[in-house]
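Following the working numbering from start to finish, the sequence shown increments by one per residue and tops out at 77. Ideal Cβ placement from N, Cα and C applies to all residues, glycine included. The structure appears below as structure tokens.
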Amino acid sequence: LSLALKGWHCILLYFRSILHRWKKNWFDLWLDGNFVYYQDESRRIIEDRIHIKFNSVGIKAGYECRGK
């Protein structure tokens with residue numbers, strides 16, 4: 010498998026109350042469509058795995074995402 014992108018991302022967690030909080034996780038995005046995120050960059054504990062069912066034509070990160 011080939012790794013397309015890796016790094017930190019934040020997930021907004023919603024609770025039943027007014028409380029919202031961000032949770033920071035390390036992620037790997039693989040070319041086969043698997044998006045795996047972990048507690049930290051050691052990758053020892055998998056938080057979740059999501060299979061993205063669409064083909065990725067181009068993957069951009071950071072300043073590459075800004076429009077021209």
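Residues of its chain near residue i, where Cβ-Cβ distance is below 6 Å and the 5 sequence neighbours each way are ignored
| i | result |
| --- | --- |
| K15 | D37 |
| S11 | L40 |
Selected residue, minimal CA-CA separation from residue i, among the options
| i | options | result |
| --- | --- | --- |
| K33 | E50, I61, R58, I59 | E50 |
7 Å Cβ shell around residue i - same chain, five flanking residues per side excluded
| i | result |
| --- | --- |
| I61 | G42, F44 |
| L59 | This sequence places Ile at residue 59; Leu is not what is there. Excluding positions up to five away in sequence, the list reads F44. |
CB contact flag (residue i, residue j, <7 Å)
| i | j | result |
| --- | --- | --- |
| Y46 | D57 | yes |
Cβ-heavy atom distance, residue i to the ligand MN, below 6 Å
| i | result |
| --- | --- |
| K32 | Absent from the structure shown: the ligand MN. Ligands present: none. |
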